[in-house]
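Enquirer: Sequential numbering from 110 applies to the sequence shown in our numbering.
Glycine included, every Cβ here is placed at the ideal spot set by N, Cα and C.
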Amino acid sequence: MKNIPYLLIAIRFIFAPIIFFLSYQKREDSRFMILTLMFLGLLTDIFDGIIARKVGVSSERLRRLDSQVDLVFWLSLGFAAYFINPELIKEHGPSITTIFILEALCYIISFIKFKKETCTHAWFSKMWGLSLMIAFTYLIGFQKTGWAFDLTIILGVISHIDVILIILILPKWQYDVPSCYHAWNIRKGKQRKKSTLFN
Numbered sequence: 110m111k112n113i114p115y116l117l118i119a120i121r122f123i124f125a126p127i128i129f130f131l132s133y134q135k136r137e138d139s140r141f142m143i144l145t146l147m148f149l150g151l152l153t154d155i156f157d158g159i160i161a162r163k164v165g166v167s168s169e170r171l172r173r174l175d176s177q178v179d180l181v182f183w184l185s186l187g188f189a190a191y192f193i194n195p196e197l198i199k200e201h202g203p204s205i206t207t208i209f210i211l212e213a214l215c216y217i218i219s220f221i222k223f224k225k226e227t228c229t230h231a232w233f234s235k236m237w238g239l240s241l242m243i244a245f246t247y248l249i250g251f252q253k254t255g256w257a258f259d260l261t262i263i264l265g266v267i268s269h270i271d272v273i274l275i276i277l278i279l280p281k282w283q284y285d286v287p288s289c290y291h292a293w294n295i296r297k298g299k300q301r302k303k304s305t306l307f308n
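1. Among the residues of its own chain, which have a CB less than 6 Å from the CB of Ala125, if the five just before and after it don't count?
2. Once DSSP output is grouped into helix, strand and coil, what is the label at Gly298?
3. Counting C-beta neighbours from all protein chains within 10 Å, is the total for Trp237 16 or more, i.e. buried, or is it exposed?
4. Which same chain residues, not among the five before or five after Leu264, have their C-beta less than 8 Å away from its C-beta?
5. Could you round the C-beta distance between Ile267 and Ser219 to whole angstroms and report it? I think they count as a contact, below 8 Å.
6. Closest to Ile249 by C-alpha separation, out of Leu211, Ala189, Phe148 and Ser176, would be which residue?
7. Kindly indicate the opening and closing residues of the alpha helix (DSSP H) around Glu137.
8. Can you tell me whether Asp138 is buried or exposed? The criterion is at least 16 other CB atoms within 10 Å of its CB, across all chains shown.
9. Using the Cα positions of Ile208 and Thr261, report the straight-line distance between them to the nearest angstrom.
10. CB-CB under 7 Å to Lys224, same chain, minus the five flanking residues each way: which ones, in chain order?
11. On the criterion of 16 or more Cβ atoms from any shown chain inside 10 Å, does Met110 qualify as buried, or is it exposed?
12. What are the start and end residues of each continuous beta strand (DSSP E) run of 3 or more residues lying completely inside the region 138-195, in chain order?
13. Does the beta carbon of Leu241 come closer than 8 Å to any beta carbon on chain D?
14. Is it the case that the Cβ atoms of Phe251 and His201 are separated by a distance below 8 Å?
15. Buried or exposed for Val286, going by 16 or more other Cβ atoms inside 10 Å?
16. Is the Cβ-Cβ distance between Phe192 and Tyr247 less than 8 Å?
17. Exposed or buried, what is Pro114 when buried is set at 16 or more other beta-carbons lying within 10 Å of its beta-carbon?
18. By DSSP, does His291 sit in helix, in strand, or in coil?
19. Measure how close the beta-carbons of Ile198 and Asp157 come, nearest whole angstrom, since I'm counting them as under 8 Å.
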């Protein structure tokens, strides 16, 4: 049981190159297969944390690994969306570039301050992940953007600003910080209960 969270993370990591390969082929049935892998990947992301806490292996190492594999997984879906709908993606180039810049800033600021990558697993980031799922369903499955894309851009900006604030506020590196409000409480020395919601 203690190896299951690592296995689920590994499955999500393996999905990334498969998604990339399927999208590059541009076959009609590839879109359905990519979306299937996306939903399965999301389930592994949900259950790796639940099982890890249940069996007592929710460590810094596991959370950092989970965070980095999440990045690889969602990037593979981003590339898939581009290969399948290049014109749609180019049309929204400025907003997508903004998200990439904010993502890079999160890592740069964290490395400068703590010499480690960010690993907050914040609530807004979880909300953004769900919005990405909806947006990619529209983009890859129906080749549309609309409200789903706008929502994921808005939540993406909010979640990244929240992570940057968490990094700047925390006195020392810490994983699983739900929000900048919680980071402020930690800075003031208030002990917080370990949150299980969305972590």
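Expert: Straight from the coordinates:
1. Within the sequence shown, numbered from 1, the residue matching residue 125 stands at position 16. Result list for Ala125: Val181, Phe182 and Ser185, in chain order.
2. Sequence index remark: in the sequence shown, residue 298 carries index 189 (1-based). Correct three-state label for Gly298: coil.
3. As a position in the sequence shown, residue 237 is number 128, starting the count at 1. Result: buried.
4. For the purposes of this step, residue 264 is taken as the residue at position 155 of the sequence shown. Same-chain partners within the cutoff: Phe233, Met236, Trp237 and Ser240.
5. Against the sequence shown, residue 267 aligns to sequence position 158. Against the sequence shown, residue 219 aligns to sequence position 110. So it is not a contact: roughly 18 Å between Cβ atoms.
6. Your numbering for residue 249 matches position 140 in the sequence shown. Here the closest residue by C-alpha is Ala189.
7. On the sequence shown, residue 137 is found 28 positions in, with the first residue counted as 1. Looking at the DSSP string, Glu137 is not in any alpha helix (DSSP H), and its letter there is neither H nor E.
8. By 1-based counting over the sequence shown, the position of residue 138 is 29. Looking at its Cβ environment, which holds fewer than 16 other Cβ atoms inside 10 Å, Asp138 is exposed.
9. One-based indexing of the sequence shown puts residue 208 at position 99. One-based indexing of the sequence shown puts residue 261 at position 152. Distance between the alpha carbons of Ile208 and Thr261 is about 10 Å.
10. Position 115 of the sequence shown holds residue 224. Closer than 7 Å at Cβ, skipping near neighbours: no residue.
11. Indexing the sequence shown from 1 puts residue 110 at position 1. Exposed.
12. none
13. The structure shown contains no chain D; it is built from a single protein chain.
14. Counting from 1 along the sequence shown, the entry for residue 251 is found at position 142. Counting from 1 along the sequence shown, the entry for residue 201 is found at position 92. Cβ atoms of Phe251 and His201: not closer than 8 Å.
15. Here the question's residue 286 lines up with position 177 in the sequence shown. Per the 10 Å Cβ criterion, buried.
16. Taking the first residue of the sequence shown as 1, we reach residue 192 at position 83. Taking the first residue of the sequence shown as 1, we reach residue 247 at position 138. Taking 8 Å as the Cβ cut-off, Phe192 and Tyr247 do not qualify as a contacting pair.
17. Looking up residue 114 in the sequence shown gives position 5. Buried is the call here.
18. Within the sequence shown, numbered from 1, the residue matching residue 291 stands at position 182. The answer is helix: DSSP assigns His291 an H, G or I state.
19. Counting from 1 along the sequence shown, the entry for residue 198 is found at position 89. Counting from 1 along the sequence shown, the entry for residue 157 is found at position 48. About 29 Å; that fails the 8 Å criterion.
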